[in-house]
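Colleague:
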Amino acid sequence: MATMQGTPKRPRRAPAPEERKLDPERSRRLLLEAAMDEFSEKGYAGARVQDIADRAGLNKQLITYHFGGKEGLYKELGRQWLRREAAFNDPALPLDQLVTRYLEEAFADPRGTRLNAWCGLAGAVPEEDPEDLSDLRRRQAEGEIAEEIDPAMAMLLCVSMVAAPATMPHAVRRFFGADPDSPEFREHYADQLRRIVRRLAS
Numbered sequence: 001m002a003t004m005q006g007t008p009k010r011p012r013r014a015p016a017p018e019e020r021k022l023d024p025e026r027s028r029r030l031l032l033e034a035a036m037d038e039f040s041e042k043g044y045a046g047a048r049v050q051d052i053a054d055r056a057g058l059n060k061q062l063i064t065y066h067f068g069g070k071e072g073l074y075k076e077l078g079r080q081w082l083r084r085e086a087a088f089n090d091p092a093l094p095l096d097q098l099v100t101r102y103l104e105e106a107f108a109d110p111r112g113t114r115l116n117a118w119c120g121l122a123g124a125v126p127e128e129d130p131e132d133l134s135d136l137r138r139r140q141a142e143g144e145i146a147e148e149i150d151p152a153m154a155m156l157l158c159v160s161m162v163a164a165p166a167t168m169p170h171a172v173r174r175f176f177g178a179d180p181d182s183p184e185f186r187e188h189y190a191d192q193l194r195r196i197v198r199r200l201a202s
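The numbering of the sequence shown is the working numbering, which starts it at 1 and goes up by one.
Written out as structure tokens, the structure reads:
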């Protein structure tokens, strides 16, 4: 991906008596959910292993056992995102429709978007591989992106537009005079995003 506008903060939970039995898959799931909450609220650097464990209602040693520590937990969240992304990232779609799909994902769960913003601001995040821009280069060769536009710039522009409502809700209110969580704003914003992305081909 909270305490930011639009997503209610999940309370720290204590396991019910029937949940106290060791269940590795359930423990992993709870820790990943808790980690996403903590990372999206505080960033990678600010999130504490103890707070993640407390929120999940589990012993913090299970983070080391299942993920090898905080960094492993963060990387597993990244793999989880890639699996979800694979379900909606269809290279056959026009670029404007594909970017809108990313926007819909960000609207549905802004925690990952907020986590990325935190990581950028804090400058503390495990090393990540360079972004694969081959699809944008293919689209450029097919005319969806003008020749004079750097595909890296097109990627950064699209990522920024998708992230803006979740990371700058105050700017949405100021510029649009709208609630960033309202269906009316989301519909309008998605339409404007599609129009801007189409202009990349001009």
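Even for Gly, the Cβ is constructed at its ideal location relative to N, Cα and C. Fair warning: this is a prediction, and the values are worked out from it, not measured in the lab.
1) If you run the structure through DSSP and keep just helix, strand and coil, what is M36?
2) Taking one C-beta from the region 92-105 and one from the region 132-152 each time, how about it: are there three or more such pairs within less than 8 Å?
3) Distance check for T64 and E148, CA to CA, integer angstroms please.
4) Contact defined as beta carbons within less than 8 Å: I believe G72 pairs with W118. What is the distance between those atoms, to the nearest angstrom?
5) Could I get the ranges of all uninterrupted alpha helix (DSSP H) runs contained in the region 108-151, with 4 residues as the minimum, in chain order?
6) Which first and last residues belong to the alpha helix (DSSP H) in which L93 is found?
7) Does the region 49-69 come close enough to the region 101-120 that 3 or more CB-CB pairs lie under 8 Å?
8) Pick from A201, S182, F39 and E38: whose alpha carbon is nearest that of A108?
9) If you run the structure through DSSP and keep just helix, strand and coil, what is M168?
10) If you draw a straight line from the C-alpha of L82 to the C-alpha of R173, how long is it?
11) What is the residue span of the alpha helix (DSSP H) that L62 lies within?
12) So is R114 buried or exposed if we call it buried at 16+ other beta carbons inside 10 Å?
13) Over what stretch of residues does the alpha helix (DSSP H) that includes A201 continue unbroken?
14) Suppose the cutoff is 8 Å on Cβ atoms and the five residues either side in sequence are ignored; what does the same chain contact list for H188 look like?
15) Go ahead and label M153 buried or exposed: buried means 16 or more other beta carbons lie within 10 angstroms of its beta carbon, across all protein chains shown.
16) Which of the three DSSP states, helix, strand or coil, is assigned to G43?
Modeller: In short:
1) helix
2) yes
3) 48 Å
4) The Cβ separation is near 19 Å, so there is no contact.
5) 111-122 and 134-141
6) Element bounds for L93: n/a, residue is neither H nor E.
7) no
8) S182
9) coil
10) 31 Å
11) Q61 to F67
12) buried
13) Counting along the chain, A201 falls outside any alpha helix (DSSP H), and DSSP gives it neither H nor E.
14) F176 and A178
15) exposed
16) helix
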